[in-house]
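Chains as they are written, first to last, in my numbering: chain W, 2 to 178; chain P, 634 to 808.
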């Protein structure tokens with residue numbers, strides 16, 4: 002068989018959203034092993050486990066045809082975060098996720114990337130609705146979800162994150178009007 | 634444009650098909666991962682951890698160009714385990730690993746699968762005289778390593794867990 006990875010690559014004003022490549026590993030590991038920064042995402046205790054998360058994201062792309070994109074800054078070519086659609090075993094429904102790596106916050110990168118990934122999921126993948134799961138206390142993400150037009154729907158217990166809040170995004174029709 | 638594919642070869646043995654991953658393989662993998670049988674591979678794992686292992690197994694092929702195959706039992710069409718080469722971050726060198734699921738034990742299928750995977754890796758993936766990590770208490774795996782001609786090399790530590798390293802003979806050397 003052939004593991005097929007979609008060749009998705011999207012550009013925004015300042016970003017390139019592309020599939021993760023081996024050269025991104027160090028940036029992912031730095032983020033995932035930063036307990037504080039990755040707290041709302043799912044931190045990993047060490048490099049080997051962060052590497053396996055990197056590998057599983059690629060597997061996610063192969064299995065579902067979507068996953069987390071690497072967000073790359075056009076100007077410098079630097080990996081500055083991730084955004085994409087995530088749908089692990091046990092998840093309530095596919096979600097739109099985003100994170101910005103250390104040093105790239107406060108520039109609206111997450112908003113730019115996540116809005117682009119959401120539009121791609123609606124247009125290219127045919128999703129009709131999307132959620133975002135946010136752990137209580139992650140006020141930055143709540144603010145961004147609300148800025149993207151998402152609304153709190155319910156609290157629930159997530160298999161990985163424990164107590165979690167589910168936000169629902171406006172659907173494709175609502176965004177196009 | 635990046636070459637966005639990774640070929641997972643199919644290998645036929647008398648009783649088995651070593652092949653790539655299908656979504657429908659997950660239940661068998663999770664049943665194994667959640668059982669006491671997984672105690673020598675860092676388990677038992679919950680479903681969530683099994684899902685991670687399943688997808689990481691696919692991603693491994695893309696990152697390394699080799700990995701673990703799903704082992705399908707030809708006669709029944711059921712998934713009988715996983716076998717193949719592992720080089721996760723933190724590994725000393727590429728490892729030949731084998732997991733055989735409960736219903737398929739005691740039929741020499743692990744031997745058949747491991748031999749086929751080892752042979753393929755040596756001939757096509759540049760991986761010869763590979764190692765296997767084995768827990769000192771994993772009697773069945775120790776026996777299989779011996780049957781495969783692997784020799785104890787040293788005690789080691791894998792991700793903080795003590796284990797033994799066995800070294801396989803060069804493929805073709807026993808022919």
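Note that CB positions come from ideal geometry on N, CA and C, so glycine has one too.
DSSP on residue i, reduced to helix/strand/coil?
i: residue 635/P; result: At residue 635/P, the pLDDT of 40 sits below 50, so the modelled position is not reliable; the number obtained from the coordinates is stated separately. Residue state, collapsed to three classes: coil.
i: residue 132/W; result: strand
i: residue 708/P; result: coil
i: residue 721/P; result: coil
i: residue 64/W; result: helix
i: residue 653/P; result: coil
i: residue 174/W; result: helix
i: residue 92/W; result: coil
i: residue 643/P; result: coil
i: residue 688/P; result: helix
i: residue 4/W; result: strand
Would you please verify whether the beta carbon of residue i is less than 8 Å from any beta carbon of chain P?
i: residue 60/W; result: yes
i: residue 45/W; result: no
i: residue 118/W; result: no
i: residue 89/W; result: yes
i: residue 24/W; result: no
i: residue 175/W; result: no
i: residue 52/W; result: yes
i: residue 3/W; result: yes
i: residue 160/W; result: yes
i: residue 63/W; result: yes
i: residue 95/W; result: no
i: residue 56/W; result: yes
i: residue 49/W; result: yes
Pick from the options: whose alpha carbon is nearest that of residue i?
i: residue 23/W; options: 14/W, 103/W, 15/W, 58/W; result: 58/W
i: residue 737/P; options: 780/P, 639/P, 649/P; result: 649/P
i: residue 714/P; options: 671/P, 727/P, 752/P, 689/P; result: 671/P
i: residue 86/W; options: 80/W, 35/W, 110/W, 70/W; result: 70/W
i: residue 120/W; options: 26/W, 7/W, 18/W, 63/W; result: 18/W
i: residue 32/W; options: 16/W, 51/W, 15/W, 21/W; result: 51/W
i: residue 46/W; options: 151/W, 30/W, 61/W; result: 30/W
i: residue 56/W; options: 657/P, 791/P, 721/P; result: 721/P
i: residue 91/W; options: 742/P, 663/P, 776/P, 794/P; result: 663/P
i: residue 118/W; options: 143/W, 99/W, 139/W; result: 99/W
i: residue 684/P; options: 61/W, 48/W, 44/W, 49/W; result: 61/W
i: residue 675/P; options: 767/P, 787/P, 785/P, 801/P; result: 767/P
i: residue 654/P; options: 682/P, 725/P, 694/P, 680/P; result: 694/P
i: residue 744/P; options: 758/P, 759/P, 776/P, 770/P; result: 776/P
i: residue 89/W; options: 82/W, 65/W, 20/W; result: 65/W
i: residue 733/P; options: 726/P, 727/P, 747/P; result: 747/P
i: residue 799/P; options: 719/P, 647/P, 682/P, 728/P; result: 728/P
Comparing the C-beta of residue i with each C-beta of chain W, is any distance below 8 Å?
i: residue 640/P; result: yes
i: residue 809/P; result: Residue 809/P lies beyond the stretch modelled for chain P, which goes from 634 to 808, so this question has no answer here.
i: residue 695/P; result: yes
i: residue 689/P; result: yes
i: residue 632/P; result: No answer is possible for residue 632/P: the residues shown for chain P start at 634 and end at 808.
i: residue 692/P; result: yes
i: residue 715/P; result: no
i: residue 760/P; result: no
i: residue 777/P; result: no
i: residue 680/P; result: yes
i: residue 645/P; result: no
i: residue 723/P; result: yes
i: residue 792/P; result: yes
i: residue 707/P; result: no
i: residue 756/P; result: no
i: residue 731/P; result: no
Which partner residues of residue i appear in the DSSP bridge assignment?
i: residue 158/W; result: 164/W
i: residue 715/P; result: 703/P, 732/P
i: residue 796/P; result: 789/P
i: residue 664/P; result: None, per the DSSP bridge assignment.
i: residue 84/W; result: 70/W, 99/W
i: residue 169/W; result: 132/W, 152/W
i: residue 669/P; result: In DSSP, residue 669/P forms no bridge with anything.
By the criterion of Cβ-Cβ separation under 7 Å, what are the contact partners of residue i in chain A?
i: residue 16/W; result: Although the question refers to chain A, the structure presented lacks it and instead comprises the protein chains W and P.
Legend entry - Ranges of the alpha helix (DSSP H) found wholly within the segment 100-148 of chain W, counting only runs of at least 4: Segments of the alpha helix (DSSP H) lying fully in the segment 100-148 of chain W: 110-124, 140-148.
Inset, instruction - Counting only runs of 3+ residues fully inside the segment 10-62 of chain W, write out the beta strand (DSSP E) ranges in chain order. - result: 10-12, 16-19
Inset, instruction - Jot down the residue ranges of each uninterrupted alpha helix (DSSP H) in the segment 734-771 of chain P, minimum 4 residues, whole runs only, in chain order. - result: 742-757
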